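Worksheet: one structure, shown below.
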Amino acid sequence: MALNVVLYQPEIPPNTGNILRTCAATNVKVHLIKPLGFSLDEKYIKRSSANYMEHAEYTLYENWDDFIGRNKGQFIFLTRYGKKPHSDHDYTNTDEDYYLIFGSESSGIPKEILSNHLDTCYRLPMNEHIRSLNLSNCVAILVYEALRQQDYPSLSLTEVQKGADFLEE
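Each residue of the sequence shown is one higher than the one before, starting from 1 at the first, in the UniProt record's numbering.
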């Protein structure tokens, strides 16, 4: 059915703007769980999303309970505490709704939420000297892994604006 990105209490406007742009480019809906560390009307969001906000689909939620009360499907959590690599999850069932859930930049997803979903907590493999990657980079990695497993549904594999044969001309 659909691939979704969930941002739990995001704090940094450029990260959310970049995520909105990535999701607009990949037909992925974004779910934003309050409180946000910024206003969606700020110029920073629009700059980061490169004026693609009109193509981004997003919904705002008051809190985690509001989000889970209105959405059903597979909840996949990215956390530095996960014990499996992100690529271990199977996204090939295109009849399923997948929710890729990411925490705030400073504190992640609360332990109370993660402890109820240990079987779907994943991490991006990295060396022991680095705590985490930038949030917008993490979202892009997971979105494209899920889309790769689904063979990039409804996405163009060739340049559309200048034409597929632009380099050959």
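Cβ atoms here follow ideal geometry from the backbone N, Cα and C, with glycine treated the same way. Keep in mind it's a predicted model, so treat the numbers as computed, not measured.
Q | Backbone CA spacing between V6 and Q161 [nearest angstrom] | A | Position 6 of the sequence shown, counting from 1, holds the residue named residue 6. Position 161 of the sequence shown, counting from 1, holds the residue named residue 161. So the alpha carbons of these two residues sit roughly 30 Å apart.
Q: Say whether the region 105-122 touches the region 19-34, bearing in mind that this needs 3 or more beta-carbon pairs closer than 8 Å, one atom from each stretch.
A: no
Q. Where H129 and Y81 are concerned, what is the direct C-alpha to C-alpha distance, given to the nearest angstrom?
A. Working through the sequence shown from its first residue, we reach residue 129 at position 129. Working through the sequence shown from its first residue, we reach residue 81 at position 81. Distance between the alpha carbons of H129 and Y81 is about 15 Å.
Q. Of all the beta strand (DSSP E) runs that stay within the bounds of the UniProt domain "tRNA/rRNA methyltransferase SpoU type" (3-144), which reach a length of 3 or more residues?
A. 29-33, 58-61, 74-78, 97-102 and 121-123
Q) Going by alpha carbons, who is nearest to L32 out of T26, A25, N71 and M1? A) Sequence index remark: in the sequence shown, residue 32 carries index 32 (1-based). Measuring from the Cα of L32, the nearest candidate turns out to be N71.
Q: Can you tell me which of P13, P14, M1 and T26 puts its alpha carbon nearest to the alpha carbon of S156?
A: As a first step, residue 156 is located in the sequence shown; it is residue number 156 there, counting from the start. Comparing Cα-Cα distances from S156 to each of P13, P14, M1 and T26, the minimum goes to T26.
Q: Mind the definition here: the region 92-106 touches the region 60-79 only if three or more C-beta pairs lie below 8 Å; say whether that holds.
A: yes
Q | Exposed unless 16 or more other CB atoms sit within 10 angstroms - verdict on Y152 | A | Along the sequence shown, read from residue 1 onward, the residue named residue 152 stands at position 152. Answer is exposed; the Cβ neighbour count stays below 16.
**Q.** Whole-Å CB distance - K34 paired with E57, under 8 Å assumed
**A.** Here residue 34 corresponds to residue number 34 of the sequence shown, with the count starting at 1. Here residue 57 corresponds to residue number 57 of the sequence shown, with the count starting at 1. That belief does not hold up - the Cβ atoms of K34 and E57 are roughly 18 Å apart, past 8 Å.
Q. Under the three-state reduction of DSSP, which class applies to A146: helix, strand or coil?
A. Position 146 of the sequence shown, counted from the start, is the residue given in the question as residue 146. If DSSP states are grouped into helix, strand and coil, A146 belongs with the helices.
Q | Residue closest to K29, alpha-carbon to alpha-carbon, out of L3, R123 and A146 | A | Position 29 of the sequence shown, counted from the start, is the residue given in the question as residue 29. Measuring from the Cα of K29, the nearest candidate turns out to be L3.
Q: Compare the Cα-Cα distances from D65 to each of P13, A140, R131 and Y8 and report the closest residue.
A: Walking along the sequence shown from the start, residue 65 turns up at place 65. Measuring from the Cα of D65, the nearest candidate turns out to be Y8.
Q: Compare the beta carbon distance of D88 and Y122 with 8 Å and say whether it is the shorter of the two.
A: Working through the sequence shown from its first residue, we reach residue 88 at position 88. Working through the sequence shown from its first residue, we reach residue 122 at position 122. Yes, the pair counts as a contact, with Cβ atoms nearer than the cut-off.
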